[in-house]
Amino acid sequence: MSKFGELIDLNIPVLLDFYTEWNEASTSMHPVLRDVAAALGDKAKIIKIDVDKNPQLAEALRVKGLPTLMIYKSGEMKWRQNGEQDANTLIGLLKEYV
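Using full-length UniProt numbering, you'd call the opening residue of the sequence shown number 1 and step up by one each time.
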């Protein structure tokens, strides 16, 4: 949990993807997130968090549905949504916080 604070306390937007390997909607987001990361380079950070390996964090953030996507900047949550998103939507959202 202490590492989580360090991850989200950046001056660039941080997109968190809460997922599991057994959830089809979660795994379908992997190539989308690769596209987002490629499009934004070092202007944003993409972090995938497996809820099976991080149950305390998922519970603390009330992650219920998968995938759950969140954008943080400077330690503050800016956006959150459950469910799949397309690359262009995520790129547009992240660019708002660059």
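Note that beta-carbon positions come from the ideal geometry of N, C-alpha and C, so glycine has one too.
Pairwise C-alpha distance: Y72 and T89 | Reading the sequence shown from its first residue, position 89 is the one you call residue 89. Reading the sequence shown from its first residue, position 72 is the one you call residue 72. Rounded to whole angstroms, T89 to Y72 spans 16 Å at the Cα level.
For N54, does the three-state DSSP call read helix, strand or coil?
-> Along the sequence shown, read from residue 1 onward, the residue named residue 54 stands at position 54. Look at N54 here: in three-state DSSP terms it is coil, with no helix or strand label.
Determine the closest residue to E21 out of A39, K48, D42, with distance taken between C-alpha atoms.
-> Counting from one through the sequence shown, the residue named residue 21 turns up at place 21. In this structure, K48 is the residue among A39, K48, D42 with its C-alpha nearest to the C-alpha of E21.
Taking only the alpha-carbon atoms, compute the straight-line gap between I12 and K43 and give it to the nearest angstrom.
-> For the purposes of this step, residue 12 is identified with residue 12 of the sequence shown, where counting begins at 1. For the purposes of this step, residue 43 is identified with residue 43 of the sequence shown, where counting begins at 1. Cα-Cα distance, rounded: 6 Å.
Can you round the beta-carbon distance between I91 and L40 to whole angstroms, since I take them to be within the 8 Å contact cut?
-> Locating residue 91 in the sequence shown gives position 91, counting from the first residue. Locating residue 40 in the sequence shown gives position 40, counting from the first residue. By a beta-carbon distance limit of 8 Å, I91 contacts L40. Their separation comes to about 6 Å.
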